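Asker: When you line the sequence shown up against UniProt numbering, it's residues 1 to 712, in that order. Every residue gets a Cβ at the ideal spot worked out from N, C-alpha and C, and that includes glycine. Keep in mind the model is a prediction, meaning the values are calculated, not measured. Below you'll find the structure I mean.
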Amino acid sequence: MFSRPTAFAQIWKSWFSSHSLVGNKNIILMGPPGAGKTTVGRIVGQKLDCPVIDIDDDVLETTWNMSVSEKLRDVGNEQFLEEEGKALLKFSASGSVISLTGSNPMHSVGMQHMKKSGIVVYLDVPTTVIMSRLKSMKVDRIVGQASGVSLKDILQFRKQFYKRWYDIRVLCGADTAAEVVAEKVLDAVKRYQDTELETFISTRSGRSGRSTEKDSHKYFSDVVTESLAPDGGLFIPERGLPKFTAGEWQSLIEATYIERAQVILERCIHPADIPASKLAEIIGTAYGENFTCSKIAPVRHLVGNQFLLELFHGPTASFKDFALQLVPHIFAYCIPRTCNYLILVATSGDTGSAVLDGFSRLHDTDKQRIAVMNFFPEDGVSPIQKSQMIGCQKQNAWSVGVKSDFDFCQTAIKQIFTNPDYTGFLTVEYGTALAAANSINWARLLPQIVYHASAYLDLVHQDIIPFGSPVDVCIPTGNFGNILASLYAKMMGIPIRKCICASNENNVLTDFIRTGVYDLRGRKLIRTSSPAVDILKSSNLERYLHLIANEDGQLVTELYNQLENQGHFQLRKDLLERLQQDLVAGWCSEEDCLAAIHSVYSTTGYILDTHTAVAKVVADRLQDRTCPIIISSTAHYSKFAPAILRALRIAEINQNPLSQLHLLSSYSPLPPVHWGLLETLKKKGNEDHQVCAADMSTLMSHIETLIQNHFM
1 MFSRPTAFAQ IWKSWFSSHS LVGNKNIILM GPPGAGKTTV GRIVGQKLDC PVIDIDDDVL
61 ETTWNMSVSE KLRDVGNEQF LEEEGKALLK FSASGSVISL TGSNPMHSVG MQHMKKSGIV
121 VYLDVPTTVI MSRLKSMKVD RIVGQASGVS LKDILQFRKQ FYKRWYDIRV LCGADTAAEV
181 VAEKVLDAVK RYQDTELETF ISTRSGRSGR STEKDSHKYF SDVVTESLAP DGGLFIPERG
241 LPKFTAGEWQ SLIEATYIER AQVILERCIH PADIPASKLA EIIGTAYGEN FTCSKIAPVR
301 HLVGNQFLLE LFHGPTASFK DFALQLVPHI FAYCIPRTCN YLILVATSGD TGSAVLDGFS
361 RLHDTDKQRI AVMNFFPEDG VSPIQKSQMI GCQKQNAWSV GVKSDFDFCQ TAIKQIFTNP
421 DYTGFLTVEY GTALAAANSI NWARLLPQIV YHASAYLDLV HQDIIPFGSP VDVCIPTGNF
481 GNILASLYAK MMGIPIRKCI CASNENNVLT DFIRTGVYDL RGRKLIRTSS PAVDILKSSN
541 LERYLHLIAN EDGQLVTELY NQLENQGHFQ LRKDLLERLQ QDLVAGWCSE EDCLAAIHSV
601 YSTTGYILDT HTAVAKVVAD RLQDRTCPII ISSTAHYSKF APAILRALRI AEINQNPLSQ
661 LHLLSSYSPL PPVHWGLLET LKKKGNEDHQ VCAADMSTLM SHIETLIQNH FM
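This is the structure we're talking about:
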């Protein structure tokens with residue numbers, strides 16, 4: 001924003017004098033040896049015109065009257081850490097920039113003392129870069145170094161300590177100049193201190209971006225619990241999503257999935273809502289042991305330039321697990337302790353079991369105050385999906401079959417949320433608030449951004465492409481959440497060229513992307529073998545329309561009022577042109593879907609699920625083969641065994657879901673039959689579920705009964 005360094009420095013001095021250093025807080029730089037803490041610290045100190053203290057030079061060597069390397073050689077690793085920690089405990093400063101040693105964070109008591117005095121900024125530099133720097137600096141002795149212990153192992157071991165203490169992370173690439181890192185530090189500290197910086201607005205708010213509601217400021221923790229804006233719109237960040245530089249993305253190429261998720265989500269969630277340490281705990285719980293593949297979301301080569309992003313290794317075998325193993329813990333952290341919460345969910349198949357499973361994994365104290373009610377079309381999901389949803393019912397999680405389709409279920413929940421008389425009644429009468437776990441909830445989208453970004457980084461890591469080369473993505477799409485997340489990843493700096501929307505025979509989105517006309521008149525939902533995209537009203541499309549309409553909430557309101565009242569709307573020509581710069585679309589018949597499953601299995605031995613097969617067919621038709629294409633494999637084929645068995649031309653199909661899976665397993669397929677699904681189907685008991693008519697008053701009655709039984 002500022003073209004001259006002098007102007008930049010004056011702004012920062014002014015800002016810090018009135019904000020950051022009030023209370024005499026320090027900026028404390030932490031990171032591995034070779035991260036540039038000393039150099040960056042000096043630059044930051046110069047910009048702020050404040051004291052700069054280097055723990056190595058100004059504290060340790062002064063206290064010991066010898067060099068740090070001499071001290072380490074004299075006393076050995078363990079004693080060195082202890083004496084280093086004691087020196088920290090005796091040290092005090094205020095209003096300063098402090099550069100820690102690489103080993104300071106390994107002394108717990110010393111770091112607790114330091115953390116009380118300021119904001120700890122972690123200079124996160126890739127391990128390979130640090131090793132190269134240390135080699136060029138001819139550093140031959142650091143704490144932990146010994147015969148048979150590699151430098152890489154030492155640096156990896158230390159990461160756990162850095163992650164424990166930091167308040168803010170600054171990504172530093174191989175070629176990032178110290179001056180640039182210093183400016184990043186200042187930007188990050190400002191973001192940390194300014195809790196008013198990251199607010200959310202409704203897609204239906206005015207062009208100014210401000211809601212007309214008195215309580216217009218909504219923060220991440222608010223939108224997680226409120227889900228739907230009071231005006232019926234969807235929440236979006238007022239200032240948009242964070243942008244990553246190419247160097248920052250490249251610094252994540254060697255990172256694990258969990259590490260990538262941590263970095264990306266830290267930038268999307270303000271630390272005032274969830275501190276970095278708590279976020280790390282939540283991410284570790286969500287992805288640590290609940291996924292069967294250590295890579296969490298592996299990318300597998302299929303054929304030619306096509307790659308599969310396998311999103312089915314979670315406990316309920318669909319891409320919904322990525323959000324719904326994470327969001328329940330975020331929700332439990334963000335909600336006030338003074339109220340009970342009932343999560344309402346509408347599902348076309350996969351969301352239900354993922355929500356039920358995710359919220360059932362909360363701590364017992366959280367389960368006492370958070371319950372889930374899942375509504376699904378009784379005759380609109382696969383037999384295995386239904387068995388899975390029923391089998392996932394737990395003490396705080398229930399499923400209700402509705403004698404209608406998904407669109408009714410989703411619309412009913414939206415109407416309930418926007419009925420202040422009813423929600424107010426539940427709060428006053430039962431002390432219970434309602435919340436949503438569908439992809440209308442902003443928190444559901446963030447984990448999906450992570451796996452689209454991670455897939456691209458995996459292709460770079462595998463030397464399929466150099467960083468910066470484009471890829472296309474093809475995603476089976478119904479509610480527009482997954483493909484919207486890929487568009488968000490593109491906005492954040494991932495080089496995605498085209499997002500290909502793949503529809504089944506319910507191809508309202510394909511028609512819309514091609515023509516700009518969203519038309520539900522005369523359309524009836526067609527039940528297909530890919531039920532997760534058997535959707536006519538795509539909720540998350542509203543967020544994308546708000547984006548391409550330059551945040552014109554009034555226009556979005558007019559479009560959706562017209563859709564609600566007249567059953568259709570049409571985009572202006574300029575908006576359609578902008579949409580078609582991002583999106584292309586195609587659709588797939590039932591016959592072509594099953595044929596693709598058979599063809600891929602015959603040539604590769606790999607079994608696609610029905611949704612992935614829809615995307616494969618559309619990708620074959622629309623890709624131009626000038627760059628790799630990543631096809632989102634959104635569910636495991638085990639969930640759709642009858643359709644898979646038909647596609648593989650197996651005549652005798654037992655109606656028992658467990659028998660169907662055993663039959664598929666006998667073919668030694670790739671990937672193997674999903675273990676979590678097998679375990680769920682093997683369980684006896686908890687096999688009943690409630691069924692209700694497609695009537696609003698009946699749904700409300702079920703909600704009240706659940707609240708009375710669980711919370712009262």
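In whole angstroms, what separates the C-alpha of T510 from that of L48?
Answerer: 54 Å
Asker: Have a look at the DSSP bridge pairing and note the partners of G401.
Answerer: F376, V691
Asker: Within 10 Å of its beta-carbon, does H611 have 16 or more other beta-carbons around it, so buried, or fewer, so exposed?
Answerer: buried
Asker: Alpha carbon to alpha carbon, how far is G401 from K25?
Answerer: 56 Å
Asker: Assign E213 to one of three DSSP states: helix, strand, or coil.
Answerer: The predicted model places E213 with a pLDDT of 47, which falls under 50 and marks its position as unreliable, so this point remains unresolved.
Asker: Ignore the nearest five residues each way along the sequence and tell me which others in N396's own chain have a CB closer than 6 Å to its CB.
Answerer: K367, A371
Asker: Which whole runs of the alpha helix (DSSP H) in the segment 72-150 are 4 residues long or more, in chain order?
Answerer: 77-90, 108-115, 127-136
Asker: Tell me Q570's beta-bridge partners as DSSP assigns them.
Answerer: V517
Asker: Work out the CA separation of G110 and T63 for me, nearest whole Å.
Answerer: 16 Å
Asker: In chain order, what are the residue ranges of uninterrupted beta strand (DSSP E) at least 3 long that sit wholly in the segment 437-518?
Answerer: Runs found: 471-476, 496-503.
Asker: Can you tell me the Cα-Cα spacing of V22 and A93, whole angstroms?
Answerer: The pLDDT assigned to V22 is 38, lower than 50, so where the model puts this residue is not dependable; a value taken from the coordinates is nonetheless given after this. If you take the alpha carbons of V22 and A93, they lie about 14 Å apart.
Asker: Take F235 as the anchor and find which of V149, D273, L445, H662 has the nearest alpha-carbon.
Answerer: L445
Asker: Can at least three beta-carbon pairs, one atom from the segment 289-304 and one from the segment 330-341, be found at a separation below 8 Å?
Answerer: Two segments are said to touch when three or more pairs of C-beta atoms, one from each, lie closer than 8 Å; by this definition the segment 289-304 does not touch the segment 330-341.
Asker: Verify the CB distance criterion: does G41 have a CB-CB separation below 9 Å to chain B?
Answerer: Here there is only one protein chain, and chain B is not present.
Asker: How big is the Cα-Cα spacing for A433 and T698?
Answerer: 19 Å
Asker: Please tell me whether M114 and I130 are closer than 9 Å, where the distance is taken between their beta carbons.
Answerer: no
Asker: I'd like to know if the segment 351-367 and the segment 315-334 are in contact, where contact means that at least 3 CB-CB pairs between them fall below 8 Å.
Answerer: yes
Asker: Kindly identify the DSSP beta-bridge partner or partners of V345.
Answerer: DSSP lists N374 as the beta-bridge partner residues of V345.
Asker: Return the residue from the list P51, V691, N709 that minimises the CA-CA distance to F375.
Answerer: V691
Asker: Find out if the Cβ-Cβ distance for the pair R527, G380 is shorter than 9 Å.
Answerer: yes
Asker: Apart from the five residues on each side of it in sequence, which residues of its chain come closer than 6 Å, Cβ to Cβ, to R267?
Answerer: P242
Asker: For a test of the three-state rule: what should DSSP assign to M389, helix, strand or coil?
Answerer: helix
Asker: Under three-state DSSP, which class holds H301?
Answerer: DSSP, read as helix, strand or coil, puts H301 in strand.
Asker: Going by C-alpha distance, which of A246, I154, L134, L197 is nearest G173?
Answerer: A246
Asker: For G288, name the three-state secondary structure that DSSP assigns.
Answerer: helix
Asker: In three-state terms, what does DSSP make of K367?
Answerer: helix
Asker: Report all residues from its chain with a CB closer than 7 Å to the CB of R578; omit the five preceding and five following residues, and keep chain order.
Answerer: I548
Asker: Suppose you measure from the CA of I513 to the CA of C501; what does that come to, to the nearest Å?
Answerer: So the two alpha carbons sit approximately 9 Å from each other.
Asker: Under the three-state reduction of DSSP, which class applies to residue 713: helix, strand or coil?
Answerer: Outside the shown range of the chain (1 to 712) lies residue 713, about which nothing can therefore be said.
Asker: In angstroms, rounded to a whole number, what distance separates the CA positions of P470 and G493?
Answerer: 11 Å
Asker: Taking Q393 as the reference, give the member of M373, D407, F406 with the closest Cα.
Answerer: M373
Asker: Kindly indicate the opening and closing residues of the beta strand (DSSP E) around V170.
Answerer: 168-171
Asker: What do you get for residue 714, buried or exposed, if any count of 16 or more other CB atoms within 10 angstroms of its CB means buried?
Answerer: Summary: the structure shown does not reach residue 714, with the chain confined to residues 1 through 712, and so no result is reported for it.
Asker: Taking a contact to mean a Cβ-Cβ separation below 9 Å, would you say E84 touches H107 in this structure?
Answerer: yes
Asker: Assign A317 to one of three DSSP states: helix, strand, or coil.
Answerer: coil
Asker: L356 bridges to which residues according to DSSP?
Answerer: Answer is none; L356 lacks a bridge partner.
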